[in-house]
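Student:
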Amino acid sequence: MEPRIRAVRPEDERALYEICLRTGASGEDATAMYRDPDLLGEIYVGPYVRLAPSLAFVGEDEDGVAGYVLGVPDTRAFEKACEREWWPAVRARHPLGVYPARSPEDHLIRLIHDPPETSEDVVERYPAHLHIDLLPRLQGRGYGRRLLESLFDGLLGFGVSAIHLGVGLANERAIGFYERMGFTVVHRYAESQIMARTF
Ligand SMILES: CC(C)(COP(=O)(O)OP(=O)(O)OC[C@H]1O[C@@H](n2cnc3c(N)ncnc32)[C@H](O)[C@@H]1OP(=O)(O)O)[C@@H](O)C(=O)NCCC(=O)NCCS
Numbered sequence: 100m101e102p103r104i105r106a107v108r109p110e111d112e113r114a115l116y117e118i119c120l121r122t123g124a125s126g127e128d129a130t131a132m133y134r135d136p137d138l139l140g141e142i143y144v145g146p147y148v149r150l151a152p153s154l155a156f157v158g159e160d161e162d163g164v165a166g167y168v169l170g171v172p173d174t175r176a177f178e179k180a181c182e183r184e185w186w187p188a189v190r191a192r193h194p195l196g197v198y199p200a201r202s203p204e205d206h207l208i209r210l211i212h213d214p215p216e217t218s219e220d221v222v223e224r225y226p227a228h229l230h231i232d233l234l235p236r237l238q239g240r241g242y243g244r245r246l247l248e249s250l251f252d253g254l255l256g257f258g259v260s261a262i263h264l265g266v267g268l269a270n271e272r273a274i275g276f277y278e279r280m281g282f283t284v285v286h287r288y289a290e291s292q293i294m295a296r297t298f
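Everything in the sequence shown is counted per this note's numbering, starting at 100 for the first residue and increasing by one.
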């Protein structure tokens, strides 16, 4: 069957955590990097599926869910909702101090306990944000574009037409894709950048 795009369902959550891990090393498989396979998904998948399911879309083929886009219309409101409804349970599941300081796991657990706030100049101009990840079997076939377009349609339904995302500078392929999709750099950090566009 040709892959199809559909709205996320609660039972997709495990598959999305898995995709997040399998694409979590600058677009490549991060399985060998983390002793706890759930950590990336706890940050980059779980809160979106739980708190903003109407803006989560998946690409699915005969072997199952193979890609997703996750978005929120209002990043600041989402940060506050996470603080109330997502982080407390996740912090209890992943306490500080379990992994060696500065290990990859410790870095993610610190993000869980002290999540950075997106800078005000970015959220003022581009209130929505997104994450997109496709397994290799779905990549390079137009599904990244289609997933983004599904998200943009959904966001327009919320009256939102400006969005940003974060991408590691090492992920050159993703940066090329985002540029092709009309995103430009609005903020640069040492190892990552924020890209944004209106639609
Ligand atoms: C990056 C990613 C989302 C792109 O999705 P994709 O399905 O491979 O991309 P598509 O096939 O939909 O490409 C859409 C358009 O972008 C172009 N494009 C894709 N990658 C490109 C690149 N590196 N440079 C320039 N153009 C690129 C395509 O040619 C296509 O152009 P067209 O529609 O105008 O003909 C996907 O490859 C992926 O999930 N990679 C691994 C995980 C990852 O890195 N996620 C991003 C984390 S920030």
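Built from N, CA and C at the ideal position, the CB exists for glycine as well. On a predicted model such as this, the values are computed, not experimentally measured, just so you know.
Got a sec? Which residues, its chain only, sit under 6 Å from Pro136 by beta carbon, not counting five neighbours each side?
Tutor: Leu120
Student: Counting only runs of 4+ residues fully inside the stretch 115-166, write out the alpha helix (DSSP H) ranges in chain order.
Tutor: 138-143 and 145-150
Student: Would you kindly report the start and end of the unbroken alpha helix (DSSP H) that includes His286?
Tutor: Careful: His286 lies outside any alpha helix (DSSP H), inside the beta strand (DSSP E) at Thr283 to Arg287.
Student: Would you say Ala273 touches ligand 1, meaning its beta carbon is less than 7 Å from a heavy atom?
Tutor: Ligand 1 approaches Ala273 closely enough that one of its heavy atoms is under 7 Å from the residue's Cβ.
Student: Our contact map puts Glu141 next to Ile211 with C-beta atoms below 8 Å; I'd like the distance itself, whole angstroms only.
Tutor: 6 Å
Student: CB Ala114 to CB Val164, shorter than 8 Å?
Tutor: yes
Student: Closer than 7 Å by C-beta to Ala124: which residues in its own chain qualify, once you throw out the five before and the five after it? Chain order, please.
Tutor: Same-chain partners within the cutoff: Met132.
Student: What is the rounded straight-line gap between the Cα of Leu254 and the Cα of Val157?
Tutor: A straight-line Cα-Cα distance of about 16 Å links Leu254 and Val157.
Student: Across the stretch 218-233 and the stretch 241-251, are there enough close Cβ pairs to call them in contact, namely three or more that are closer than 8 Å?
Tutor: As far as the Cβ criterion goes, the stretch 218-233 touches the stretch 241-251, which means the pair count is three or higher.
Student: Considering only their Cβ atoms, is the gap separating Arg296 from Phe282 smaller than 8 Å?
Tutor: Yes, these two residues count as a Cβ contact at 8 Å.
Student: Go ahead and pull the three-state DSSP assignment for Gly241.
Tutor: DSSP places Gly241 outside both helix and strand once states are collapsed to three, so it counts as coil.
Student: Can you give me the start and stop residues for the alpha helix (DSSP H) that Gly275 sits inside?
Tutor: Glu271 to Arg279
Student: Within its chain, find whatever has a CB closer than 6 Å to the CB of Phe177; leave out the 5 residues flanking it on each side and keep chain order.
Tutor: Val171
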